[in-house]
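Before any comments, here is the structure.
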Amino acid sequence: MKRLLAAMTISILLFAGFVGVSSIPSDLSPMAIGDDLALYRYDANRTGRAPFVGDIDEPQVRWVFNTSANVISAPLVADVNGDDRYEVIVAADNGGLYVIDENGVFLYSTYFAPEYPMMPAAADIDGDGKLEIMAGQGSHSFGGSLEIHALNGEDLSPLWSYTSTSGSEHGFFASPMFHDSNDDGILDVLVGSMDDYFYAFNGPNGSEIWKSPKGLHYIRTTSPMDDIDNDGDQEIVGFDNAAQMRLYDADTGTIEWETKLGYGVGSSPLIADFDGDGYGEIASFMVVTGGISVLNHDGSVLWNDTSRSDFYSTPTIAQIDGDGLPDLIGGDFNNHTILAYRGVDGTPLWQTVLPNNVRAQSSLVTADVDGDGEIEVLALGKDGDIFSLDVKTGIIEWTFSVGKPFGQPTVWDIDQDGVAEIVLSAAGGLVYVLEQAPQPDFLPRSMGYWKHQCKVTEPKEEHPGITDEFAQGIADNSLVFADVQSVDDVCDVLRSNPKSNMTGKALIQLMALWLNVVAGYVDTSAGIDLGNLTSASTVGDAIAEIEDIILHSADKAELERAKSIADALNNGMGG
Numbered sequence: 208m209k210r211l212l213a214a215m216t217i218s219i220l221l222f223a224g225f226v227g228v229s230s231i232p233s234d235l236s237p238m239a240i241g242d243d244l245a246l247y248r249y250d251a252n253r254t255g256r257a258p259f260v261g262d263i264d265e266p267q268v269r270w271v272f273n274t275s276a277n278v279i280s281a282p283l284v285a286d287v288n289g290d291d292r293y294e295v296i297v298a299a300d301n302g303g304l305y306v307i308d309e310n311g312v313f314l315y316s317t318y319f320a321p322e323y324p325m326m327p328a329a330a331d332i333d334g335d336g337k338l339e340i341m342a343g344q345g346s347h348s349f350g351g352s353l354e355i356h357a358l359n360g361e362d363l364s365p366l367w368s369y370t371s372t373s374g375s376e377h378g379f380f381a382s383p384m385f386h387d388s389n390d391d392g393i394l395d396v397l398v399g400s401m402d403d404y405f406y407a408f409n410g411p412n413g414s415e416i417w418k419s420p421k422g423l424h425y426i427r428t429t430s431p432m433d434d435i436d437n438d439g440d441q442e443i444v445g446f447d448n449a450a451q452m453r454l455y456d457a458d459t460g461t462i463e464w465e466t467k468l469g470y471g472v473g474s475s476p477l478i479a480d481f482d483g484d485g486y487g488e489i490a491s492f493m494v495v496t497g498g499i500s501v502l503n504h505d506g507s508v509l510w511n512d513t514s515r516s517d518f519y520s521t522p523t524i525a526q527i528d529g530d531g532l533p534d535l536i537g538g539d540f541n542n543h544t545i546l547a548y549r550g551v552d553g554t555p556l557w558q559t560v561l562p563n564n565v566r567a568q569s570s571l572v573t574a575d576v577d578g579d580g581e582i583e584v585l586a587l588g589k590d591g592d593i594f595s596l597d598v599k600t601g602i603i604e605w606t607f608s609v610g611k612p613f614g615q616p617t618v619w620d621i622d623q624d625g626v627a628e629i630v631l632s633a634a635g636g637l638v639y640v641l642e643q644a645p646q647p648d649f650l651p652r653s654m655g656y657w658k659h660q661c662k663v664t665e666p667k668e669e670h671p672g673i674t675d676e677f678a679q680g681i682a683d684n685s686l687v688f689a690d691v692q693s694v695d696d697v698c699d700v701l702r703s704n705p706k707s708n709m710t711g712k713a714l715i716q717l718m719a720l721w722l723n724v725v726a727g728y729v730d731t732s733a734g735i736d737l738g739n740l741t742s743a744s745t746v747g748d749a750i751a752e753i754e755d756i757i758l759h760s761a762d763k764a765e766l767e768r769a770k771s772i773a774d775a776l777n778n779g780m781g782g
């Protein structure tokens, strides 16, 4: 009962907080949903605003899991088995639904008809204090019936299912919403179907609470929900492929208004208060005709832009222009471009063409990915990269290759260590978790330290001496010291007394620097800044410059500069 009350409290706060558009905070920070409700695109407004902050400015793979099927859902993160740890849930086109732990270890799975899966979602829909997972399949031409399934989160055993049988286009692509439509104190399931209807299913048993009149086309878009007209009742948006948008009363299914916007809906709408009037506006992107439309809470047009209609990906929001109101960011698929618009009137703010003609296929999400206090936009390119863009300018901050990605990235603190990771799906059945790469080592020892190592006869942790492996590592990587063959050769350089010979002095410092590298105290990728002494930005670049001077210059001033660069690095400067 305590967990049930917590779930209902979070649901009420969620629907009255960030998604209650009159109370959007000035920084647009979404409310974290918590452990009792997990939605595709984070919140009921489907904004794509992640509730976690990361520290990633140089990503690396923490782990990768292979389902051996094409994972084409965005990853969902939730504690579905009640162990107070997060799990990653993905669906694949073999009909598989997979649950993976936060370390990438397979937990359990189940299988349905092999067809396109819906984006999973999770909530306590039977009042037992545990999460259930909603999963299903949708099709344009599948030969049999397709279903939406309610599954117990701890083992994926069935709770109930509903079969869609209408026509060749049936089943469920859209990720569901949760709302207590029948006022029994338990969350129900609201979702659009490929059979052209919108449904509200009773949470505990899957019976119909309401079913909409038939629409013009199938519904594959995920629906946002909010009390957008501030009448005290939740409304949910149904948006079909003919671009017929309906606003339903979430309790009864009553159509409050409907309008026709274009054709070919490739992305899901979102809700935000773009003009600051305290009511919710609905932003939608079309893929055939209609472009971008932002509608007021009553269905009238706030603004639209029909100059582009290549939008397969769901947009996101962020504060860009400094007016305290949300702005809109979307991806033009065929023109491989990310675009930002002023939320209140549609004025273009920036556009970024992704490199190498990479199609901007994924739904966009926003988060403070690198922990610098500023928001970034994450986009997946069709041909193999994830891009992080500065939200103010659209400048690409970093790119990372992950194969062919699907869905959208999920920014979440999956290991609960206080910083978020990036979870995403890719071709070949792969699920990736990305984290911040560790900073390269820069803990150098001085030339004097290395001279002393030539005297060490009993190596210890802090005094390893000079080893044959060190000598070989230097010979394998250095042009200057390519002829080094032994420990004695290394120590002969270190113990030499060049006096006024500047080349000899540079060689001693360079040898000490190479020893720092081969001993693992300094990484050649470590960033450096030695001011006017050198323009080199990494240790590796500095070594290359020093070696080039020694090999090709007889100028005393240049040789002294080479010696000074190595000396500074060996003494820990500039790192």
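Heads up: the sequence shown is residues 208 to 782, going by the working numbering.
Using N, Cα and C, we set each Cβ at its ideal position, and we do this for glycine too.
Fair warning: this is a prediction, and the values are worked out from it, not measured in the lab.
Query, Result
"Asparagine 389 Cβ short of 7 Å to the ligand SAH heavy atom set", "The ligand content of the structure shown is nil, which means the ligand SAH is not present either."
"Alpha helix (DSSP H) segment containing arginine 652, residue limits", "Neither: arginine 652 is in no alpha helix (DSSP H) and is coded neither H nor E."
"In DSSP terms, what tyrosine 470 is bridged to", "Thr496"
"Cβ neighbours of valine 508 in the same chain (closer than 8 Å, five flanking residues each side left out)", "Ser500, Val501, Leu502"
"Sub-8 Å separation of glycine 345 and phenylalanine 379 beta-carbons", "yes"
"Cβ contact check for the stretch 326 to 343 and the stretch 409 to 422: 3 or more pairs under 8 Å", "yes"
"Opening and closing residue of the alpha helix (DSSP H) in which glycine 711 lies", "709 to 725"
"Backbone secondary structure at valine 700 - three-state DSSP", "helix"
"C-alpha distance - asparagine 389 paired with aspartate 395, whole-angstrom precision", "8 Å"
"Cβ neighbour criterion (16 or more within 10 Å) applied to valine 560", "exposed"
"Assumed close pair valine 584, isoleucine 629 - CB separation to whole angstroms, cut-off 8 Å", "Actually they are not in contact, since the Cβ atoms of valine 584 and isoleucine 629 sit about 13 Å apart, beyond 8 Å."
"8 Å Cβ cutoff met for threonine 600 and glycine 255", "no"
"Buried or exposed by the 16-neighbour rule on C-beta atoms within 10 Å, applied to isoleucine 545", "buried"
"Unbroken alpha helix (DSSP H) run spanning glutamate 581, endpoints", "Taken as a continuous stretch (DSSP letters only), glutamate 581 belongs to no alpha helix (DSSP H), as it is neither H nor E."
"Alpha carbon of threonine 573 to alpha carbon of asparagine 684, nearest angstrom", "42 Å"
"Short Cβ contact (8 Å threshold) for proline 266 with tryptophan 605", "yes"
"C-alpha distance - alanine 245 paired with tyrosine 486, whole-angstrom precision", "25 Å"
"Cβ pair glycine 377, proline 365 closer than 8 Å", "According to the sequence as given, residue 377 is histidine; it is not glycine. For histidine 377 and proline 365, no; Cβs fall outside 8 Å."
"Residue environment, valine 312, which counts as buried when at least 16 other CB atoms sit within 10 Å", "exposed"
"Helix, strand or coil at proline 420 according to DSSP, with G and I counted as helix", "coil"
"Length of the line joining the Cα atoms of serine 348 and lysine 611", "25 Å"
"Asparagine 156 classed as buried or exposed, judged by whether at least 16 other C-beta atoms fall within 10 angstroms", "Only positions 208 to 782 of the chain appear in this structure, which leaves residue 156 out of reach."
"Whole-angstrom distance between asparagine 739 and threonine 429, CA atom to CA atom", "56 Å"
"Whole-angstrom distance between aspartate 577 and leucine 468, CA atom to CA atom", "38 Å"
"Three-state class that DSSP yields for glycine 303 in the structure shown", "strand"
"Contact set for isoleucine 279: own chain, Cβ-Cβ below 8 Å, skip 5 residues either direction", "Ala298, Ala299, Asp300, Tyr323, Pro324, Phe613, Gly614, Ser632"
"Backbone CA spacing between aspartate 624 and valine 260 [nearest angstrom]", "11 Å"
"Arginine 768 - DSSP class collapsed to helix/strand/coil", "helix"
"Pairwise C-alpha distance: glycine 680 and methionine 238", "Summary for methionine 238: the model assigns pLDDT 30, below 50, so the residue's position carries little reliability; its value from the coordinates is reported in the next sentence. Using only the alpha carbons, I get a separation of about 53 Å."
"Local conformation of glycine 413 per DSSP, three classes", "coil"
"Cβ-based burial, threonine 554 [other Cβ within 10 Å; buried from 16]", "exposed"
"Buried versus exposed call for lysine 667 [16 or more other C-beta atoms within 10 Å across all chains shown]", "exposed"
"Residue of Ser703, Phe518, Met401 minimising C-alpha distance to isoleucine 657", "Note on residue identity: the sequence assigns tryptophan, not isoleucine, to residue 657. That would be Ser703, whose Cα lies nearest to the Cα of tryptophan 657."
"Whole-angstrom distance between aspartate 748 and alanine 682, CA atom to CA atom", "18 Å"
"Distance CB(isoleucine 756)-CB(alanine 743) smaller than 8 Å", "no"
"Local Cβ density within 10 Å of threonine 274, reported as buried at 16 or more and exposed below that", "buried"
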